[in-house]
Amino acid sequence: MMIRNHIKMSFRNLSKRRLYSAINFVSLSIAVMIGLLVFVFVKDELSYDGFHANGDNLFLLYKTDFKTDDPKLEPGWFDATPDKGVEKSISHNLPFLELVKESVPEINKVIRVEGNFISIKKDEKQLSEYVNYVDSDFFEHFSFNFLYGESSTALKEIKSAIITDDMAMTLFGRVDVVGETFSSGTGEANIYLISGVIEKPVNSSLEFNIVLNLANSYYYSEHSDDWRYNAISCFLLLNNPEDASIVSQKISEIYTERFADDISSQRKMLKLSAFNPVVQYGLKNIQGLYLDPSISYGKSSSPLYSIVLIGIGLLILLIACINYLSINVASSGSRQLEVSVRKVMGASGTHLHVQFYLEALIISAFSVLGGFTLMQLLLPKFNLLAGKTIGLSLSENIQILSISLLFALVLAFLAGIYPAQILSRFKVVNGLKGNTTYKIKPLLIRSMVVFQFVLCLFFISMGLMMTRQFNYINDKDLGFDKEQIVYVRGLWGKTQLMKQELASNTEIESVTGVNGIFTPSTSRGGIVINNIQYWVQSARVDFDFFKTFSIPLLEGEYFSEEMGVDALVNRSIINKRLYDLYKSDTAMYNLVQKDIQGVVNDFHFESLQKSIGPFRFNVANSNSLSDLFVKIRPGKTEAGIAAIKAASEKIVPEREIEVNFLNDYLNSRYKDSQKWKEIINVASVLGVIIACIGLFGLTGINMANRTKEIGIRKVLGAGFSDVLILLNRQTIWLIVLSTAISLPISYYFMEQWLSGFAYSTSITADIFLLSTCICLLVVALTVSFHSVKSTLSNPIDSLRYE
22 MMIRNHIKMS FRNLSKRRLY SAINFVSLSI AVMIGLLVFV FVKDELSYDG
72 FHANGDNLFL LYKTDFKTDD PKLEPGWFDA TPDKGVEKSI SHNLPFLELV
122 KESVPEINKV IRVEGNFISI KKDEKQLSEY VNYVDSDFFE HFSFNFLYGE
172 SSTALKEIKS AIITDDMAMT LFGRVDVVGE TFSSGTGEAN IYLISGVIEK
222 PVNSSLEFNI VLNLANSYYY SEHSDDWRYN AISCFLLLNN PEDASIVSQK
272 ISEIYTERFA DDISSQRKML KLSAFNPVVQ YGLKNIQGLY LDPSISYGKS
322 SSPLYSIVLI GIGLLILLIA CINYLSINVA SSGSRQLEVS VRKVMGASGT
372 HLHVQFYLEA LIISAFSVLG GFTLMQLLLP KFNLLAGKTI GLSLSENIQI
422 LSISLLFALV LAFLAGIYPA QILSRFKVVN GLKGNTTYKI KPLLIRSMVV
472 FQFVLCLFFI SMGLMMTRQF NYINDKDLGF DKEQIVYVRG LWGKTQLMKQ
522 ELASNTEIES VTGVNGIFTP STSRGGIVIN NIQYWVQSAR VDFDFFKTFS
572 IPLLEGEYFS EEMGVDALVN RSIINKRLYD LYKSDTAMYN LVQKDIQGVV
622 NDFHFESLQK SIGPFRFNVA NSNSLSDLFV KIRPGKTEAG IAAIKAASEK
672 IVPEREIEVN FLNDYLNSRY KDSQKWKEII NVASVLGVII ACIGLFGLTG
722 INMANRTKEI GIRKVLGAGF SDVLILLNRQ TIWLIVLSTA ISLPISYYFM
772 EQWLSGFAYS TSITADIFLL STCICLLVVA LTVSFHSVKS TLSNPIDSLR
822 YE
């Protein structure tokens, strides 16, 4: 009966102070929602590759080549490139792996994996698909979920194939396809029998739709004894995971012994010290592979994302909790009369304690439930923002809700301390006299305001800076004409026919065939100039490439069709960066000068996060090139795309081609940075909203502290504007102080973030000025309610007991 009475009274009190109750509910619900979304994101990140039964014993083998004597092996938080002075590789050759297997007894199994694109055909359907070639017992060590077929026998036959359920639906329109076939070319030798269907791996570093036996790989059949052809990656299954460092050391020693002359030559060429290992092998456990950006293998991420999101979530949750506690304190002071009457009626201290704690628990519990509901509703949108496909099972939802309710208990205890411990002990006489004026230390209030708005100003200024940088990227001259250019990939052997078909079309301005540029992977080779190794990227293009992209020539001449491909086979057009490198080494320049056809201006074909590197172009017949780039005339975009599709239906009727804009590809290279810009902007908006809600409550405390002061000033003749300025002046100074504190913090993080771009905009004062003005405007609107209310109040109400 007593508990029921307390619950009834709690709901009555919360309803009576519905404004403060609503404020607490909204701010806490938003903060809990953010905290829960961060929780599920981090949980998802940490879950990658955790489903393998042998996960503790599976390690990826990688090689580290040292380029300097003082390499940076531990990347900074904001580094665009994870390592400096070293290069990590996961590609090895088959004979070396055989030697490792025979020489290191700590290794239980060497599991080889090679990836490549092949053309897949089933009836009238044809597509280019990335395929993994693996050892026949691959699925005995990696725990992928088989929907049909057996993992132990799936790849025992050379022409067996494992496909995912997604690929099964694409090729056959159903999942149960064991026993069906598909081909990757002509002839029976290229027909594969499906022996298993697995559930498409989601939280896995290894991404694939089709898995074939390694014996089908061209590399395996043609380069099995080649010590120089590195094209295969390798996982090691260790007998004991604690032997990983020992195995790494032994493999390094095997390499050093086998390639002693190469290491000596590399040390001499790069002028490395005797203490530099030059080459070193390492092992990375598969469960930590996804969160190691320094090793490029399959799907990967960075722990920085989780750390930053945890920081943002905790800060916003802290702001909301401070708001809740302060508003609870502010509103509880007006309840002295209620507490006095209840004491006179016989209420004990314990009853009052229970009452206050129960009220805090109700608002905390409802806020947690509200936040949990918001999280469920906004999870799909969060997935889009974070690039995830997170789905929560019933057990996961119960786990999250349980943790959230535990948090509500802790918060309720903290929020109920002041009214339960302080208000229940004050003198009854003062409360019955109606003396409800109370004092909260102003330093506490000001500290809370400053803390909240330092965070808000940081979020706002970072969001403005990110917006400016991306505007700079969009507006920067890349050194070539990117407008109105679309591309089609995978036209092997059909590129020349497509060019001829489009040549007479009035909507098309120019067409060119390309290999090795504007793609995720490009060909490259190493050169050493002045004892420094540089990687030169290369592309094969046809005669119309430089015309289509409007890349200006600085010296020499373009490739000419009159000369013919055969006459130009050993000649190259290079960019200015490579030309300057050659010129800096006289001996090298004299050696290569005869092979330089021309020099073109530098241009940004990669992300602006990287500086322009040396580049070489070689001419080739269009039919030997796979990618087609088409420049459409201005105002003819739709007609031009329709013409390309019509040409493809005639030239490659066996498959539906996809036409993409070059601008979209160029922008996709910044998707991670764009994602963080959106996250920071969302954090800014939510942080400002929650901080303003808190400021509303903190302003109420301030007004309560100064009730008598305002009354005295009005009696002495102070006007409306005088009192309004007096009340807002302190808040404005607090915002100015917050700006002064946030400025160096924001500047540091802006500078660090921009350092990840080789080309960036500058940090100017207007960003901080604009963020301060935004904050001041929002604050002015927030505090006006209390300020105007206090200014218009009757001074008699605050002075009648004096």
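Numbering (the working numbering), first residue to last: 22 to 823.
Glycine included, C-beta positions come from ideal geometry on N, C-alpha and C.
First and last residue of the uninterrupted beta strand (DSSP E) at residue i
| i | result |
| --- | --- |
| LYS409 | Note, LYS409: premise wrong, no beta strand (DSSP E); not H, not E. |
| LEU518 | Counting along the chain, LEU518 falls outside any beta strand (DSSP E), though it belongs to the alpha helix (DSSP H) covering 516 to 524. |
| ILE128 | 128 to 143 |
| TYR83 | 79 to 87 |
| GLU530 | 529 to 536 |
| SER242 | Segment 239 to 243 is the alpha helix (DSSP H) holding SER242; no beta strand (DSSP E) there. |
CB contact flag (residue i, residue j, <8 angstroms)
| i | j | result |
| --- | --- | --- |
| SER425 | PHE393 | yes |
| LYS497 | TYR780 | yes |
| LEU235 | TYR311 | no |
| PRO635 | ARG598 | yes |
| LYS142 | SER181 | no |
| LYS305 | TYR555 | no |
| SER11 | ASP90 | Not covered by the structure: residue 11. The range shown for the chain is 22 to 823. |
| ILE756 | CYS796 | yes |
| PHE9 | ALA739 | Because the chain in this structure spans residues 22 to 823, residue 9 falls outside the shown range and cannot be described. |
| LEU575 | ASN622 | yes |
| SER705 | GLY484 | yes |
| ILE44 | PHE717 | yes |
| ASN684 | LYS503 | yes |
| ASN166 | ARG249 | no |
Best match in the options for proximity to residue i [C-alpha to C-alpha]
| i | options | result |
| --- | --- | --- |
| TYR326 | ALA739, GLY577 and GLU66 | GLU66 |
| ASP693 | ARG561, GLY619, VAL590 and PHE491 | PHE491 |
| PRO401 | LEU599, PHE62 and PHE682 | PHE62 |
| ILE328 | ILE55, VAL59 and ALA664 | VAL59 |
| LYS698 | GLY661, ILE215 and LEU406 | LEU406 |
| PHE117 | SER605, ILE419 and ASN251 | ASN251 |
| VAL53 | LEU399, THR752, LEU755 and ASN552 | LEU399 |
| SER322 | ILE333, GLY309 and GLY332 | GLY309 |
| ILE529 | GLU772, PHE434, LEU49 and PRO655 | PRO655 |
| LEU233 | HIS113, SER783, GLY484 and ARG133 | ARG133 |
| ASN596 | GLN773, TYR686, ASP70 and HIS625 | HIS625 |
| ASP77 | TYR239, ASP186 and LEU257 | LEU257 |
| VAL809 | ILE731, ILE784 and LEU798 | ILE731 |
| VAL218 | SER581, GLU582 and ILE183 | ILE183 |
| ILE662 | ASN526, MET188, PHE778 and ARG467 | ASN526 |
| PHE163 | LEU339, ALA74 and ASP787 | ALA74 |
Boundaries of the alpha helix (DSSP H) in which residue i is found, first to last residue
| i | result |
| --- | --- |
| ILE272 | 265 to 279 |
| LEU192 | 186 to 193 |
| ASN684 | 683 to 689 |
| PHE117 | 115 to 124 |
| GLU670 | 658 to 672 |
| ARG734 | 728 to 736 |
Helix, strand or coil at residue i [DSSP, three-state]
| i | result |
| --- | --- |
| LYS604 | helix |
| GLN558 | strand |
| ARG637 | strand |
| ASN306 | strand |
| ALA779 | coil |
| PHE566 | helix |
| ARG38 | coil |
| ASP156 | coil |
| ASN260 | coil |
| ALA101 | With a pLDDT of 44 at ALA101, under the threshold of 50, the predicted position of this residue should be treated as unreliable, though the coordinate-derived value follows. In this structure, ALA101 counts as coil in the three-state DSSP scheme. |
| THR793 | helix |
| TYR213 | strand |
| LEU612 | helix |
| THR457 | Because the pLDDT at THR457 is just 49, under 50, the model does not fix this residue reliably, and the value given afterwards should be weighed accordingly. Of the three classes helix, strand and coil, the one that applies to THR457 here is coil, per DSSP. |
| PHE377 | helix |
| GLU582 | coil |
| PHE393 | helix |
| ALA43 | helix |
Query raised in the report: Would you call the stretch 168 to 176 and the stretch 113 to 125 in contact, with 3 or more CB pairs under 8 angstroms?
Result: Segments in contact, no.
**Report entry** Inter-stretch contact at 8 angstroms, needing at least 3 Cβ pairs: the stretch 755 to 772 / the stretch 471 to 481
**Finding:** yes
Query raised in the report: For the 8 angstroms Cβ check, are there 3 or more pairs between the stretch 143 to 153 and the stretch 279 to 292?
Result: no
Report task. Indicate whether the contact test is met: 3 or more Cβ pairs, each with one atom in the stretch 502 to 513 and one in the stretch 645 to 655, closer than 8 angstroms. Result -> yes
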